[in-house]
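Student: Here it is, the structure in full.
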Amino acid sequence: MRVTYEDIKSNPEIRTYITQADASLIALGFTEHSFAHVTKCAETASSLLRDLGYDAREIELAKIAGFMHDIGNVINRNDHAQSGAVMAFRILDKLGMDPADVAVVITAIGYHDDKTAFPVNAVAAALLLADKTDVRRSRVRNRETINFDIHDRVNYAVEKSDLALDAAARTVTLTLTINTEVCAVMDYFEIFLDRMLLCRKAAEFFSLKFTLNINGLTLL
């Protein structure tokens, strides 16, 4: 059975898990991981595959994986990629998705967490690039936290963020405008260097070079 992105996006069960997962992360003091984040990941991952010439099936699966990738946070933040993959298997199998498609989605979800992440297939690589580059001011829930939480401070400092693929030049570039009165550029690297290295690895899956531009300077 062909299960579409629209089926997933409107599924009450999935939406409940995303909502409750984000509620848990609010209690823990994390940045936004709700519908804005997962929708952006779904759109960015699918756009990357579309622009790289992948077929409609893989583009659709990237959307689905992007939308579902953080549902494991409803169980616990620790190992949320693995628990999310197991949850996604149960949901997608119940919906009647083809096992080959289920396998692609749960693989991408299972390999997206920072500590165990790896671009094992095209959908996983696209999801990694989409997830790890979603840095923006609107993910900060409470401006007061920027005074003592470096993650919130770095996200709040990002006034503009853009991920752009240049297929001809074989590059994918994250361009950030950071307000250095809020945080220093080095603060960004302190928090996100590992994620940027994951983006480099994911880009290499597509034979692309990942570059990072902050305030007009190419830093990676």
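Residues in the sequence shown are numbered consecutively from 1047, following this note's numbering. A virtual CB, placed ideally from N, CA and C, is assigned to each residue, including glycine.
So, for residue 1092: in the same chain, excluding its five sequence neighbours on each side, which residues have a beta-carbon less than 6 Å away from its beta-carbon?
Tutor: 1105, 1108 and 1109
Student: Pick out the complete alpha helix (DSSP H) segments inside the segment 1176-1224, 4 residues or longer, and give them in chain order.
Tutor: 1196-1203
Student: Which residues mark the beginning and the end of the alpha helix (DSSP H) in which residue 1076 is found?
Tutor: No alpha helix (DSSP H) contains residue 1076, which DSSP labels as neither H nor E.
Student: Between which two residues does the beta strand (DSSP E) containing residue 1258 stretch?
Tutor: 1255-1260
Student: Run through DSSP, which three-state label would residue 1098 get?
Tutor: coil
Student: Which of helix, strand or coil does DSSP assign to residue 1141?
Tutor: helix
Student: Using the three-state DSSP reduction, which class does residue 1226 fall into: helix, strand or coil?
Tutor: coil
Student: Is residue 1291 near residue 1199, with beta carbons less than 7 Å apart?
Tutor: The shown model of the chain, from 1047 to 1266, leaves out residue 1291, and the question about it has no answer.
Student: Using the beta-carbon count (16 or more within 10 Å), is residue 1058 buried or exposed?
Tutor: Residue 1058 counts as exposed, since fewer than 16 other beta carbons sit within 10 angstroms of its beta carbon.
Student: Would you please state the rounded distance, in angstroms, between the beta carbons of residue 1241 and residue 1160? I believe it to be under 8 Å.
Tutor: 6 Å
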